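Working notes, structure below.
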Amino acid sequence: MIIFFFVFALAVFPAITLAKSFVVGDNGGWTTGFDYQAWAKGKKFKTGDELIFKYTKGAHNVHKVDGNRFQKCVKPPLKEALTTGNDVITLATPGQKWYICGVANHCNGGQKLTITVTGKAKKVGKNSAQGIVKSWIQVFIAAVLTTGLIIIV
Ligand SMILES: [Cu+2]
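Below you can see the structure in the form of structure tokens.
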């Protein structure tokens, strides 16, 4: 019962809805031979959300590109690539975004993703712990609401 109220309280508090993190390709990760447009289909990307590109370091990388480079798989200089194997990109502004892998011919092989981000532009906090703090506040408020509901009932 308590858990039910807790979940209910979380659900009815949209004002502080958490930003979402999307692991690109889910368990498949960022790799070749994967249909990223199919993966993105039906997902709602909002400003403040994160994309996480997971891959074996060295096997792939991530370039944020424009639509033209995306179409033609034109790689930017390697030094501009994200290469950690666990690259987190915060979607700070609305609009269409394009990402490609710059390793070998992977982009031509389909390792590319385009998404459309909705929402208002957000200042990306320099402190990445901000999101975690926010989530704890949400849990706290949910807990308070839950307690309140239990007392009322
Ligand atoms: Cu690749």
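With mature numbering (1 follows the signal peptide of the UniProt record, and there is no 0) applied, the sequence shown corresponds to residues -19 to -1, 1 to 134, in that order. The C-beta atom is built at its ideal place from N, Cα and C for all residues, glycine as well. Owing to the predicted nature of the structure, the values given are computational and were not obtained by experimental measurement.
Touching or not, the stretch 73 to 83 and the stretch 47 to 54, by the rule of three or more beta carbon pairs under 8 angstroms?
yes
Can you pull the DSSP bridge partners for residue 80?
Taking the first residue of the sequence shown as position 1, residue 80 is located at position 99. DSSP lists 45, 94 as partners of residue 80.
Quick check: does the Cβ of residue 82 come within less than 7 angstroms of any heavy atom belonging to ligand 1?
Position 101 of the sequence shown holds residue 82. Yes, the beta carbon of residue 82 sits closer than 7 angstroms to at least one heavy atom of ligand 1.
In the DSSP assignment, find the unbroken beta strand (DSSP E) run with residue 4 in it and report its ends.
Here residue 4 refers to the residue found at position 23 of the sequence shown. Where residue 4 is concerned, the enclosing beta strand (DSSP E) stretches over 2 to 4.
Alpha-carbon to alpha-carbon, residue -2 and residue 124:
By one-based count along the sequence shown, residue 124 stands at place 143. By one-based count along the sequence shown, residue -2 stands at place 18. Approximately 16 angstroms between the Cα atoms of the pair.
Roughly how many whole angstroms lie between the Cα atoms of residue 34 and residue 14?
The residue you call residue 34 lines up with position 53 of the sequence shown. The residue you call residue 14 lines up with position 33 of the sequence shown. Near 15 angstroms, if we compare the C-alpha coordinates of residue 14 and residue 34.
Within 10 angstroms of its Cβ, does residue 59 collect 16 or more other Cβ (buried), or is it exposed?
Reading the sequence shown from its first residue, position 78 is the one you call residue 59. By the 10 Å Cβ count, residue 59 comes out exposed.
Which residue comes first and which comes last in the alpha helix (DSSP H) that contains residue 20?
Here residue 20 is taken as the residue at index 39 of the sequence shown, counted from 1. Where residue 20 is concerned, the enclosing alpha helix (DSSP H) stretches over 17 to 21.
Could you check if residue 46 is buried or exposed, using at least 16 other CB atoms within 10 Å of its CB as the buried criterion?
As a working note, residue 46 is residue 65 in the sequence shown. Buried: at least 16 other Cβ atoms inside 10 Å.
Just to confirm my understanding: we take residue 1, look at its own chain, exclude 5 residues before and 5 after, and list those with CB closer than 7 angstroms. What are they?
In the sequence shown, counting from the first residue as 1, residue 1 sits at position 20. Once the five neighbours on either side are set aside, the close Cβ partners of residue 1 are 30.
Spatial neighbours of residue 28 within its chain, please: C-beta separation below 8 angstroms, excluding the five flanking residues on both sides.
Position 47 of the sequence shown holds residue 28. Correct list, in chain order: 72, 73, 74, 75, 98, 99, 100, 101, 102, 103.
Cα-Cα separation between residue 94 and residue 39, rounded to whole angstroms
Within the sequence shown, the letter at position 113 stands for residue 94. Within the sequence shown, the letter at position 58 stands for residue 39. Looking at the two C-alpha atoms, the distance is approximately 19 angstroms.
Taking Cβ positions, are residue 17 and residue 10 nearer each other than 8 angstroms?
Within the sequence shown, the letter at position 36 stands for residue 17. Within the sequence shown, the letter at position 29 stands for residue 10. Contact flag unset, no.
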